[in-house]
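Colleague:
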Amino acid sequence: MSVVTKKEPANLGRVLKRSLHSMAPLWTLIILFIFFSLASDTFFRIINFRNILIQVSTMAIMSTGVTFVLLTGEIDLSVADVGGLAGVIAAYATATLALPQSLSIILALVITLLLGYFNGFGTARLGIPSFMITLAMMVIAGGLSLYFTRGRVIFKIPDLLKVLGTGSIGPIPIIVIIAVIVLAVAHFVLQYTRYGRYVYMTGANREAAELSGVNTRAVIASCLAISGFTAGLSGLMNLGRLGSAQPSVPSDMLINAIAAVVLGGTSLAGGEGGIPNTIIGLLILGILRNGLDQVSTDVYLKTFITGIILVVALFLNIVASRLRHTAEDE
1 MSVVTKKEPA NLGRVLKRSL HSMAPLWTLI ILFIFFSLAS DTFFRIINFR NILIQVSTMA
61 IMSTGVTFVL LTGEIDLSVA DVGGLAGVIA AYATATLALP QSLSIILALV ITLLLGYFNG
121 FGTARLGIPS FMITLAMMVI AGGLSLYFTR GRVIFKIPDL LKVLGTGSIG PIPIIVIIAV
181 IVLAVAHFVL QYTRYGRYVY MTGANREAAE LSGVNTRAVI ASCLAISGFT AGLSGLMNLG
241 RLGSAQPSVP SDMLINAIAA VVLGGTSLAG GEGGIPNTII GLLILGILRN GLDQVSTDVY
301 LKTFITGIIL VVALFLNIVA SRLRHTAEDE
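With full-length UniProt numbering, the residue at position 220 of the sequence shown is 220, and numbering never jumps.
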């Protein structure tokens, strides 16, 4: 006698809980877009969308490397100052050392890659918490920038960077194209290569990954090196966009680079998220900053309002994440 089993229908509440975490950042983006479209007559225009993309392009390059690091469960607090140092090195090598422009650019990228690898070596090989070693690197990079600039702005920069930072191919800014290429390559690596799988495995469960044969220390070191390189590339693009090397970086650059990744839904604990999430987070920040300008927000309140909205969005993402994990345990 055969026994016929009846498949239990999927629990709608459980499905909603599981999807809430992945959808929360997207809904945040949609709500902000609708709000500013209604609040400002100049927000919903092609030229304004172009400006938003330009504004988030350098942040997108920097946040790409941060995504790799956060996926492993580590953090990089040095990206903003390392990026600023890259711009200073390129300008200093061109203006003071009279090096060829291409060599100045390569030198800046190599140095930032090595600084990122130093972070990775300290974390993966020496066991120094990534929070501590990247915090130290932040101070080192900032100090070197002040040393090379002597606290002054350097205006002579490589012409190639000016073209990349301010030029366009047709209606599309070159800096936006570069950001898209970096994001696309990173997404391909994370989703379609063995290395990408190792990154997720390292962040999700380091011990299990090691038992599966993954060299988690090498993965962590390489991700921090990637973060150093993308920070350097971002700094060079920012140098070209601004037209000068500054002795210090904006105070909100670091928090924006990390917030873009986390706002999009990438977990600080590692193993969850990716480049699509980072893109959503970048657009949230870009629309928020641009929208506040469009509605003529008091300049002294804009940073405060941005911070409050970011805290609320992060809180909602954490709640959604907990609901998702609760649904998975049911």
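All C-beta atoms, glycine included, are put in the ideal place defined by N, C-alpha and C.
Please classify Pro9 as buried or exposed, where buried requires at least 16 neighbouring CB atoms within 10 angstroms.
Modeller: Mapped onto the sequence shown, residue 9 falls at position 9. Here the model assigns Pro9 a pLDDT of 48, short of 50, so the residue's position is not dependable, and the following value carries that caveat. Pro9 comes out exposed.
Colleague: Roughly how many whole angstroms lie between the Cα atoms of residue 332 and Ser296?
Modeller: This structure gives no information on residue 332, because the portion of the chain shown stretches from 1 to 330.
Colleague: Assuming Leu224 contacts Asn119 under a Cβ cut-off of 8 angstroms, what Cβ separation, rounded to an integer in Å, is found between them?
Modeller: Counted from its first residue, the sequence shown places residue 224 at position 224. Counted from its first residue, the sequence shown places residue 119 at position 119. Their Cβ separation, rounded to whole angstroms, is 4 angstroms, which keeps Leu224 and Asn119 in contact under 8 angstroms.
Colleague: Which parts of the region 28–87 are runs of the alpha helix (DSSP H), unbroken and 4 residues or longer, counting only runs that do not cross its ends?
Modeller: Counting whole runs of 4 or more residues, the region 28–87 contains the alpha helix (DSSP H) stretches 46–71.
Colleague: Three or more C-beta pairs under 8 angstroms: does that hold for the region 257–266 against the region 275–286?
Modeller: The region 257–266 is in contact with the region 275–286.
Colleague: Does Pro171 pass the burial test, meaning 16 or more other C-beta atoms within 10 Å, or should it be called exposed?
Modeller: Position 171 of the sequence shown, counted from the start, is the residue given in the question as residue 171. With fewer than 16 other Cβ atoms within 10 Å, it is exposed.
Colleague: Provide the residue(s) that pair with Ala245 in DSSP beta bridges, ordered along the chain.
Modeller: Here residue 245 refers to the residue found at position 245 when the sequence shown is read from its first residue. DSSP output for Ala245 lists Ile154 as bridge partner(s).
Colleague: State the Cα-Cα distance for the pair Gly143 and Asp41, rounded to the nearest angstrom.
Modeller: By one-based count along the sequence shown, residue 143 stands at place 143. By one-based count along the sequence shown, residue 41 stands at place 41. If I take the Cα positions, the gap works out to 44 angstroms.
Colleague: So, for Ile105: in the same chain, excluding its five sequence neighbours on each side, which residues have a beta-carbon less than 8 angstroms away from its beta-carbon?
Modeller: For the purposes of this step, residue 105 is taken as residue 105 along the sequence shown, with counting starting at 1. Answer for Ile105: Ala90, Pro158, Leu160, Leu161, Leu236, listed in chain order.
Colleague: With a Cβ-Cβ cutoff of 9 angstroms, do residue 332 and Gly228 count as a contact?
Modeller: Only positions 1 to 330 of the chain appear in the structure, and residue 332 is not among them; the question remains open.
Colleague: Please classify Lys7 as buried or exposed, where buried requires at least 16 neighbouring CB atoms within 10 angstroms.
Modeller: Indexing the sequence shown from 1 puts residue 7 at position 7. Confidence at Lys7 is low in this model, with a pLDDT of 46, below 50, so its placement is unreliable and the value that follows should be read with caution. With fewer than 16 Cβ atoms within 10 Å of its Cβ, Lys7 is classed as exposed.
Colleague: If you run the structure through DSSP and keep just helix, strand and coil, what is Val4?
Modeller: The residue given as residue 4 occupies position 4 in the sequence shown. Confidence is the limiting factor: at Val4 the pLDDT is only 48, short of 50, which leaves the residue's position unreliable and the question unanswerable from this model.
Colleague: Exposed or buried, Arg45, counting other C-beta atoms within 10 Å across all chains shown (16 or more means buried)?
Modeller: Within the sequence shown, numbered from 1, the residue matching residue 45 stands at position 45. Exposed.
Colleague: Could you spell out where the alpha helix (DSSP H) holding Glu272 opens and where it closes?
Modeller: Indexing the sequence shown from 1 puts residue 272 at position 272. No alpha helix (DSSP H) holds Glu272; DSSP gives it neither H nor E.
Colleague: Count the C-beta pairs between the region 243–253 and the region 144–151 that are closer than 8 angstroms, then say yes if the count reaches three, no if not.
Modeller: Segments in contact, yes.
Colleague: Does DSSP classify Ile128 as helix, strand or coil?
Modeller: In the sequence shown, the residue the question calls residue 128 occupies position 128. Residue state, collapsed to three classes: coil.
Colleague: By Cβ distance below 8 angstroms, which residues in the same chain neighbour Thr74 in space, the five residues on each side in sequence not counted?
Modeller: Reading the sequence shown from its first residue, position 74 is the one you call residue 74. Checking the sequence shown, residue 74 turns out to be Glu, not Thr. Closer than 8 angstroms at Cβ, skipping near neighbours: Thr123, Ser130, Ile220, Cys223, Leu224, Gly270.
Colleague: Fully enclosed by the region 126–208, which alpha helix (DSSP H) runs are 4 residues long or longer?
Modeller: Within the region 126–208, the complete alpha helix (DSSP H) runs of at least 4 residues are 130–149, 159–166, 174–192, 194–204.
Colleague: When the Cα of Leu233 is compared with those of Ser63, Gln191, Met201, which residue comes out closest?
Modeller: Mapped onto the sequence shown, residue 233 falls at position 233. It is Ser63.
Colleague: Can you tell me where the alpha helix (DSSP H) with Asn256 in it begins and where it stops?
Modeller: Sequence index remark: in the sequence shown, residue 256 carries index 256 (1-based). Element bounds for Asn256: 253–263.
Colleague: Around the Cβ of Ala80, are there at least 16 other Cβ atoms within 10 angstroms (buried) or fewer (exposed)?
Modeller: Mapped onto the sequence shown, residue 80 falls at position 80. Looking at its Cβ environment, which holds 16 or more other Cβ atoms inside 10 Å, Ala80 is buried.
Colleague: For the candidate residues Thr230, Ile34, Tyr192, whose alpha-carbon lies nearest to that of Ile178?
Modeller: Mapped onto the sequence shown, residue 178 falls at position 178. For Ile178, the nearest C-alpha among the options comes from Thr230.
Colleague: With distance defined between alpha-carbon atoms, name the residue in Thr96, Ile174, Arg194 nearest to Arg150.
Modeller: Locating residue 150 in the sequence shown gives position 150, where the first residue counts as 1. Comparing Cα-Cα distances from Arg150 to each of Thr96, Ile174, Arg194, the minimum goes to Thr96.
Colleague: Label Tyr198 either buried or exposed according to how many other C-beta atoms from any shown protein chain fall within 10 Å of its C-beta, with 16 as the threshold for buried.
Modeller: As a working note, residue 198 is residue 198 in the sequence shown. The residue in question, Tyr198, is buried, as its Cβ has 16 or more Cβ neighbours within 10 Å.
Colleague: Would Gln191 be called buried (16 or more neighbouring beta carbons within 10 Å of its own) or exposed?
Modeller: By 1-based counting over the sequence shown, the position of residue 191 is 191. So Gln191 ends up on the exposed side.
Colleague: What I want to know is whether the C-beta of Ile140 ends up closer than 8 angstroms to one or more non-hydrogen atoms of the ligand NAP.
Modeller: Among the ligands in the structure shown, none appear at all, so the ligand NAP cannot be discussed.
Colleague: Can you grab the Cα-Cα spacing for the pair Val88 / Ile154, in whole Å?
Modeller: Against the sequence shown, residue 88 aligns to sequence position 88. Against the sequence shown, residue 154 aligns to sequence position 154. Distance between the alpha carbons of Val88 and Ile154 is about 8 angstroms.
Colleague: Select from Val163, Ile31, Ser102 the residue whose C-alpha is nearest the C-alpha of Arg241.
Modeller: Numbered from its first residue, the sequence shown carries residue 241 at position 241. Selected option, being the one with the closest Cα: Val163.
Colleague: DSSP on Val311, reduced to helix/strand/coil?
Modeller: Translated into the one-based positions of the sequence shown, residue 311 becomes position 311. Correct three-state label for Val311: helix.
Colleague: Specify the secondary structure class of Asp293 as computed by DSSP and reduced to three states.
Modeller: Taking the first residue of the sequence shown as position 1, residue 293 is located at position 293. It is helical.
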